[in-house]
Amino acid sequence: MRKKLMGVLWGLVPILLALLFTMVVLVIVGASPLEAYRNILLGAFESPEKMADVVAACVPLILCGVGMCVTFTAGQWNVGVEGQIILGAIFATWVARNLLWPQVPVLTLMVLAGILGGALWGAVAGLLKVYGKVHEIFGGLGLNYLAQGLAIWLIFNPWKPADGATMSGTDPFPGPAWMPHFRHLRVAPLAVVLTLVAVVIAYFLLQGTRWGLELKAMGKNFRSAFTLGVPSTSRLLIAFSTCGGLAGLAGAIRCSARYGRMIPDIAGGQGYLGLLVALLAGYRPQWVPLIALFFAAVGVGSPRLELNMQLDSSLGGVLRTSVVLAVMLVNGWRMLRARQVRRAVEEAA
Amino acid sequence: MKVELVDIHKYFGPVRANDGISMTIESGTIHGLLGENGAGKSTLMKCFSGYQSPDRGVVRVDGRPVSFDSPAEAIAHGIGMLHQDPLDFPQMQILDNFLLAFEDRILPDRRKGRKVLRELGARFQFDLDPDAEVTSLTIGERQQLEILRLLALGAQVIILDEPTTGISAPQKEKLFATLHRLAEQEGRSVVFVSHKLEEVEELCHHVTVLRHGRVTGEAEMPCPVSRLVEMMFGRNLPPAERVSVQPGQTVLRLEGVTVPSYRLQVQDVNFEIRAGEVVGLAGLEGSGQRLFLRACAGLEWVSAGHIHVDGQELTGASYQRFLDAGVAYTPANRMEEGLVGALTLSEHFALVDRHGSFFLDWNGVRERALKGIAHFNIIGRPDDPAAALSGGNQQRLMLALLPSHLRLLLMEHPTRGLDVESARWIWQQLLARREDGTAILFISADLDELLERSDRIVVFCGGQMESVHACDTTVEQLGYLIAGKGQTGG
Amino acid sequence: METNFLIQTLASIVAASTPVVLASIGETISEKSGVINLSLDGSIALSAMTGFAVAFTTGSVTLGMLAAMAVGALVALIIAFASITLRQEQVAVGFVLTMLCIELADFLGNPFVRRPGPSVSHAPIPYLSDIPILGPVLFNHNLIVYLSILSVVLAWWWTHKTQPGLKLQGVGERPESAFARGVNVHRLRFVYTVIGGALVGLAGASYSLSIKLGWSHRHTSGIGWIALAIVIFGGWSPWRVAVGCYLFGLLKALGSILQRNSAFVNVPTQIFSSAPFALMIFALLLLNSEGVDRLLALLPPRVARQLDRAIRGRSPGGLGQSFIQE
Numbered sequence: 001m002r003k004k005l006m007g008v009l010w011g012l013v014p015i016l017l018a019l020l021f022t023m024v025v026l027v028i029v030g031a032s033p034l035e036a037y038r039n040i041l042l043g044a045f046e047s048p049e050k051m052a053d054v055v056a057a058c059v060p061l062i063l064c065g066v067g068m069c070v071t072f073t074a075g076q077w078n079v080g081v082e083g084q085i086i087l088g089a090i091f092a093t094w095v096a097r098n099l100l101w102p103q104v105p106v107l108t109l110m111v112l113a114g115i116l117g118g119a120l121w122g123a124v125a126g127l128l129k130v131y132g133k134v135h136e137i138f139g140g141l142g143l144n145y146l147a148q149g150l151a152i153w154l155i156f157n158p159w160k161p162a163d164g165a166t167m168s169g170t171d172p173f174p175g176p177a178w179m180p181h182f183r184h185l186r187v188a189p190l191a192v193v194l195t196l197v198a199v200v201i202a203y204f205l206l207q208g209t210r211w212g213l214e215l216k217a218m219g220k221n222f223r224s225a226f227t228l229g230v231p232s233t234s235r236l237l238i239a240f241s242t243c244g245g246l247a248g249l250a251g252a253i254r255c256s257a258r259y260g261r262m263i264p265d266i267a268g269g270q271g272y273l274g275l276l277v278a279l280l281a282g283y284r285p286q287w288v289p290l291i292a293l294f295f296a297a298v299g300v301g302s303p304r305l306e307l308n309m310q311l312d313s314s315l316g317g318v319l320r321t322s323v324v325l326a327v328m329l330v331n332g333w334r335m336l337r338a339r340q341v342r343r344a345v346e347e348a349a
Numbered sequence: 001m002k003v004e005l006v007d008i009h010k011y012f013g014p015v016r017a018n019d020g021i022s023m024t025i026e027s028g029t030i031h032g033l034l035g036e037n038g039a040g041k042s043t044l045m046k047c048f049s050g051y052q053s054p055d056r057g058v059v060r061v062d063g064r065p066v067s068f069d070s071p072a073e074a075i076a077h078g079i080g081m082l083h084q085d086p087l088d089f090p091q092m093q094i095l096d097n098f099l100l101a102f103e104d105r106i107l108p109d110r111r112k113g114r115k116v117l118r119e120l121g122a123r124f125q126f127d128l129d130p131d132a133e134v135t136s137l138t139i140g141e142r143q144q145l146e147i148l149r150l151l152a153l154g155a156q157v158i159i160l161d162e163p164t165t166g167i168s169a170p171q172k173e174k175l176f177a178t179l180h181r182l183a184e185q186e187g188r189s190v191v192f193v194s195h196k197l198e199e200v201e202e203l204c205h206h207v208t209v210l211r212h213g214r215v216t217g218e219a220e221m222p223c224p225v226s227r228l229v230e231m232m233f234g235r236n237l238p239p240a241e242r243v244s245v246q247p248g249q250t251v252l253r254l255e256g257v258t259v260p261s262y263r264l265q266v267q268d269v270n271f272e273i274r275a276g277e278v279v280g281l282a283g284l285e286g287s288g289q290r291l292f293l294r295a296c297a298g299l300e301w302v303s304a305g306h307i308h309v310d311g312q313e314l315t316g317a318s319y320q321r322f323l324d325a326g327v328a329y330t331p332a333n334r335m336e337e338g339l340v341g342a343l344t345l346s347e348h349f350a351l352v353d354r355h356g357s358f359f360l361d362w363n364g365v366r367e368r369a370l371k372g373i374a375h376f377n378i379i380g381r382p383d384d385p386a387a388a389l390s391g392g393n394q395q396r397l398m399l400a401l402l403p404s405h406l407r408l409l410l411m412e413h414p415t416r417g418l419d420v421e422s423a424r425w426i427w428q429q430l431l432a433r434r435e436d437g438t439a440i441l442f443i444s445a446d447l448d449e450l451l452e453r454s455d456r457i458v459v460f461c462g463g464q465m466e467s468v469h470a471c472d473t474t475v476e477q478l479g480y481l482i483a484g485k486g487q488t489g490g
Numbered sequence: 001m002e003t004n005f006l007i008q009t010l011a012s013i014v015a016a017s018t019p020v021v022l023a024s025i026g027e028t029i030s031e032k033s034g035v036i037n038l039s040l041d042g043s044i045a046l047s048a049m050t051g052f053a054v055a056f057t058t059g060s061v062t063l064g065m066l067a068a069m070a071v072g073a074l075v076a077l078i079i080a081f082a083s084i085t086l087r088q089e090q091v092a093v094g095f096v097l098t099m100l101c102i103e104l105a106d107f108l109g110n111p112f113v114r115r116p117g118p119s120v121s122h123a124p125i126p127y128l129s130d131i132p133i134l135g136p137v138l139f140n141h142n143l144i145v146y147l148s149i150l151s152v153v154l155a156w157w158w159t160h161k162t163q164p165g166l167k168l169q170g171v172g173e174r175p176e177s178a179f180a181r182g183v184n185v186h187r188l189r190f191v192y193t194v195i196g197g198a199l200v201g202l203a204g205a206s207y208s209l210s211i212k213l214g215w216s217h218r219h220t221s222g223i224g225w226i227a228l229a230i231v232i233f234g235g236w237s238p239w240r241v242a243v244g245c246y247l248f249g250l251l252k253a254l255g256s257i258l259q260r261n262s263a264f265v266n267v268p269t270q271i272f273s274s275a276p277f278a279l280m281i282f283a284l285l286l287l288n289s290e291g292v293d294r295l296l297a298l299l300p301p302r303v304a305r306q307l308d309r310a311i312r313g314r315s316p317g318g319l320g321q322s323f324i325q326e
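Protein chains in written order, with the numbering used here: chain A, 1 to 349; chain B, 1 to 490; chain C, 1 to 326.
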């Protein structure tokens, strides 16, 4: 019991450190930290509309975070999630623009196309890693830039709106391609359901199946896993495609439920945030929703800083990333202490 | 310089690696330190050379107690150690390797370094090119470089940890001549750590024997081997019995196989092994035997020729198809290539059951793990991570993970780093598989093991292979074959 | 006329490559000691912002450069502390720091966005700049550009010619061997990571105070990743890393010349802006892939070995691994 309590208390230390750090940053620019935190909190939770926004913002974070739990388990830094979101959105947009069908088939196809697009782009990163021996961080980043270039090209050329191309994106989708919202709130129940299903499936895949065990073995020691008979190449490609598929689903949801069109910045850094979520969750899908909720709340709450305090909303980003850094440092420090204590005990004995 | 180790204690948790060891090394002598693996030799030498500090006990140099916290301090006191795997910088030049140890100044004096290296080398007939890279050297030559470094730093006591593993017979002769010279002509002391009786017999003036972290005996050489054996093991070991099995059908056939690698080519190989046969692969590290063995498992790309397993053509097939055909492979670096340290024993058992159901039944897995643990005498629990096992138990785990029916077993160094008892036990298990019609192909650097266990030995030298019969070959003959008959071997 | 244009282009490539050169050399130094500083993209952004902000507020470019170096060194220090002392994964810490630095640069740099400010003044080196061709290409720039060229020469000289440089190589190559020779592995790794970080900080300053003046959102985006890839491409050797940087600068210059050419007016600009990254993947593909291995294996061993050395360098043996000093 006491041990559990200590665990919880230790879990709070990084959050406090991150708050402290952000406070210093705020003091540097001469703003009141408490006022800033209050604004973020209010910005995220003051009304049902805001709370719905937080839930909606969770969706892509959870999908990407869960996807990256899969690739991280396999020992891979899939930094290409950003590009995978974009490809998912591109595929979904193609469906929305070209298949003028009723809502149910169109949405189904958009979701599937999004998954396919993301999975394919993920597979490319996997292929580069497996056959090209290109480190997945560089491969993924390169593919992100390529995907970004492709998206902008599409929006400025074949998908140009009638009144000229701008960074605000394509024409809005036809009505059936919009994912229906819950009443007047900007959250699509279908997206939330799909996300929760993804979390549950990922959890069981990683925990209870041979496939999950194989990924774990590869992640811990790639060469030994291969010697023990894990077909690493195909598993790696599957892991990348699974993550890509989930990211692509996030892309489809973002353009269908959030913007109702394709925009150049459709990924919006969700891929990188998802990576932080997965890192914080320790690659365990069951923890992803909770952490994503925190990230989403900060994300939805911080634009209010610009309105009320003339501060840049990137403060939210500072807060989120410093939490992750603080977790790493505190964990490292606790392990260091444990080693020192063990050594001291051994020397005393 | 006379050195005394007095009452050295070193514990690791509950393990008493050194439990009150004392020994005296007189100057001008070669002092052997004998003992099985795990007897505490390495720990004692680490305490002696500054890598670890003893929990209790002192080191005295010429009667004065000294203490050091790092190998650099030890060498400042004149005590230097040569490791089994020489601690050098493979990708750097020999001269840079040599210079790196010296005093801090901005510009190294390369001319002087070169001169010292050449003069020292000439004294022992070492032929080292200062501009060559260390990667181009054999293990024996790397040891020579390390010896020169220690001497240049003024080492009066040189400790050698199992130095003869992985070096050729001529290099071994040269090493022994060097050690004699160091002790007898230059008055330095040499500590020779080994578990090989013959070498100690041939080389040393004085022997200390360890067992279970204590000194079990000391002797002036020469001394009857049986006495040394008794001190090492507490009893005399019977010689291993040879059982031949009538070989059955051909299990593996290689026709004109070429395994390319731009460091070394194994070219145009024809080879057959039959069911129940045991074939040993000998050769210096990097002579092609590992490429060959891995090619037999489908782990290396084959650019020409055909590989048949049980008559089925598997050239270019994936490792998985080789596994399906009843081939198994166990690498030498257990924790790097064989086992996943962070996974538990149970998880390993689940993992190797490649055609088991997609959803894992953890209870069933646990039962299988318990059975394997019991049958292979593994000291460990199903939920322990593999990294927590000792070396011998890791090797047992690798054996336990092999499928019960195999056609071909490919092993790298099946008993490296194991004590004599464990090694015997492992060979019992392996040889029992022959009854089942399994063919065994193994690499070893231990010539005795090769001669004792194989029906046939294939010697590799620079990618070329030559076959010899085990029963009518001696250790010396094999040693010369390995070193390449015509070569003088550095 | 023709030669003039050529000389001008070369000079502009040397100037424009300054940040990449400084960052790559800084990273080379820290990776030589065995520590991967993955935070480059963020460090550069934060130090570029800091450099500009300090120069803007104090009016002193020198102070701006020093502040930028301090920021780069501080980020590197965090990486060194987290990976060496706390034994956390270098790549993870580096990645998180990348993002943290970018967010911090955005937040703290907000008041300075698109403000005109001071810059490093042009300072041709007397006599040297009069040398034909070489003079205008190398010696007709400003202080930061000279520092970038100097950093290449110094890094090479230090790592390959000096005694402490040998130790630096040793620590990255095989820390346990270096330890056996009395080298304090942890301390050296700290020192060189921080020095490398300071150079990365200077790379940031060179951006905001010399190449792309001022500060704005995503001002330096992507350059850190290119620098990281070039270190691999250059095989951890300062000369070859520099060659990689200037080659990259050349390709970028070619790109912008082509882009202005009427024949390519229909080629969308996105192609040109994502080309460097496609190129990066391609270069890495060429260096490491199994296909290249197999091609090499078919050549005569001697030729293959030389070709192998020519196209790819070997990473320091202890790169990214923590060393446990007993």
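Ideal placement from N, C-alpha and C gives every residue a C-beta, glycine not left out.
Small disclaimer: the values here were computed from a predicted structure and weren't measured.
If only uninterrupted beta strand (DSSP E) runs of at least 3 residues are considered, those enclosed by the segment 151-218 of chain B are 157-161, 189-194 and 206-211.
Across the structure, H413(B) and N331(A) are spaced so that their CA atoms are roughly 39 Å apart. Contact between the segment 284-301 of chain A and the segment 16-35 of chain A is absent, with fewer than three C-beta pairs closer than 8 Å.
Membership of S467(B) in any alpha helix (DSSP H) is not indicated; the residue belongs instead to the beta strand (DSSP E) covering Q464 to H469.
In this model, F52(C) and G117(C) are separated by some 8 Å (Cα to Cα).
A Cβ-Cβ distance of about 14 Å is found for the pair A297(B) and F271(B), leaving them out of contact under the 8 Å criterion. Taking C-beta separations shorter than 6 Å and ignoring five residues to either side along the sequence, the partners of F21(A) in its chain run S322, following chain order. Identification of residues in the segment 288-309 of chain B having a C-beta nearer than 9 Å to some C-beta of chain C yields W301 and S303, given in sequence order. In the same chain as V185(C), and ignoring 5 residues on each side of it, the C-beta atoms closer than 7 Å to its own belong to V171, P175, A178, F179, F323 and Q325, in chain order. Counting along the chain, the unbroken alpha helix (DSSP H) around K216(A) starts and ends at R210 to K220. Within the segment 4-55 of chain B, the alpha helix (DSSP H) runs of at least 4 residues that lie entirely inside it are, in chain order, 41-48. In terms of beta-carbon proximity, A101(B) lines the interface with chain C, with at least one pair separated by less than 8 Å.
The continuous stretches of alpha helix (DSSP H) do not include H219(C), and DSSP gives it neither H nor E. When the Cα atoms are used, A165(A) and I152(A) turn out to be separated by approximately 10 Å. The secondary-structure analysis by DSSP pairs W215(C) across a beta bridge with V113(C).
As the crow flies, the alpha-carbon of V157(B) is around 10 Å from that of A74(B). Burial is judged here by how many other beta carbons sit within 10 angstroms of a residue's own beta carbon; R218(C) has fewer than 16 and is exposed.
The Cβ atoms of N37(C) and G94(C) lie closer than 8 Å to each other.
What F442(B) touches in chain A, judged by beta-carbon distance under 7 Å, is nothing: the nearest beta carbon there is about 16 Å away. Under the 8 Å Cβ criterion, the segment 193-208 of chain C counts as touching the segment 65-83 of chain C, having at least three qualifying pairs. DSSP places H348(B) in the uninterrupted alpha helix (DSSP H) bounded by L345 to V352. For the pair G283(B) and Q289(B), the Cα-to-Cα distance works out to about 7 Å. With a beta-carbon spacing of about 7 Å, R181(B) and F124(B) fall inside the 8 Å limit used to define contacts.
Counted as a single uninterrupted DSSP element, the alpha helix (DSSP H) harbouring N39(A) occupies residues P33 to F45. Runs of the alpha helix (DSSP H) lying entirely within the segment 63-101 of chain A and spanning at least 4 residues, in chain order: 81-98.
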